[in-house]
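Just so you know, we're using the working numbering here: the sequence shown kicks off at 28 and counts up by one.
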Amino acid sequence: MADVLQIIALAIWSIFPAYVANAAPVVLGGGRPIDGGKKLSDGRPIFGPGKTIRGFIAGLVAGTVFAVLQGVALGFLGNYLLRGFLLSLGALTGDLLGSFIKRRVNLERGAPAPVMDQLGFVVVALLFASPALYLSWEVILTILILTLPIHLATNILGHKLKLKDKPW
Ligand code: CTP
Ligand code: MG
28 MADVLQIIAL AIWSIFPAYV ANAAPVVLGG GRPIDGGKKL SDGRPIFGPG KTIRGFIAGL
88 VAGTVFAVLQ GVALGFLGNY LLRGFLLSLG ALTGDLLGSF IKRRVNLERG APAPVMDQLG
148 FVVVALLFAS PALYLSWEVI LTILILTLPI HLATNILGHK LKLKDKPW
């Protein structure tokens, strides 16, 4: 039991900068879209208007700063700056990749893509951070399992707080 709790705590602690990077654009994003409103030859937006430059930068900064604060809280910065940056960059890139795929299959901005919406950013965050963040397969599996309900719950909360249009 103690082992399981330890794995859960390590999972949440390790992935949290990616959560911050994913959530910050909801509050701080807006303005010019990353794709500049451009469309591909299929006539659909590259990423769509929900992916903005300000959101991307805000997510990158917020996730990285959060990781540095984790290091400060530990009293040992170690590679928290690097892993925070990579987790955040990965989270935002994964989110963009998800939107790119959604636009290719004709899903409008904000339309739900179950599982990809919840896990896409986490998978890419873990891949990007892998050179700086070693995690056992148990911890990675725990991150994947826990992120589904955590993401759903925080998005419902964000919707109730009127931060998000859609509750997913
Ligand atoms: N957001 C942003 N910039 C980003 C990512 C997100 O400004 N790089 C903001 C947008 O206001 C977006 C909101 O965060 O609407 C929620 O993000 P998300 O659910 O990922 O986007 P959707 O609007 O659902 O668009 P998509 O269908 O492309 O996922
Ligand atoms: Mg969405």
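In this text, a Cβ means the ideal position worked out from N, Cα and C, and glycines have one as well. Here the structure is a predicted model, which means the values were calculated and not measured.
Asked	Found
C-beta atoms of residue 81 and residue 64 nearer than 8 Å	no
Where residue 144 falls, given that 16 or more other Cβ within 10 Å makes a residue buried	buried
Separation of residue 86 from residue 97, as counted between CA atoms	16 Å
Buried versus exposed call for residue 128 [16 or more other C-beta atoms within 10 Å across all chains shown]	exposed
Candidates 167, 149, 150, 133: closest to residue 75 by CA position	133
Environment of residue 62 [buried if 16+ CB atoms lie within 10 Å]	buried
Alpha-carbon to alpha-carbon, residue 53 and residue 191	7 Å
Length at least 4, wholly inside the segment 44–120: the alpha helix (DSSP H) runs in chain order	80–101
Straight-line Cα distance separating residue 49 from residue 23	Since the first residue shown for the chain is 28 and the last is 195, residue 23 is missing from the structure and cannot be characterised.
Separation of residue 120 from residue 46, as counted between CA atoms	13 Å
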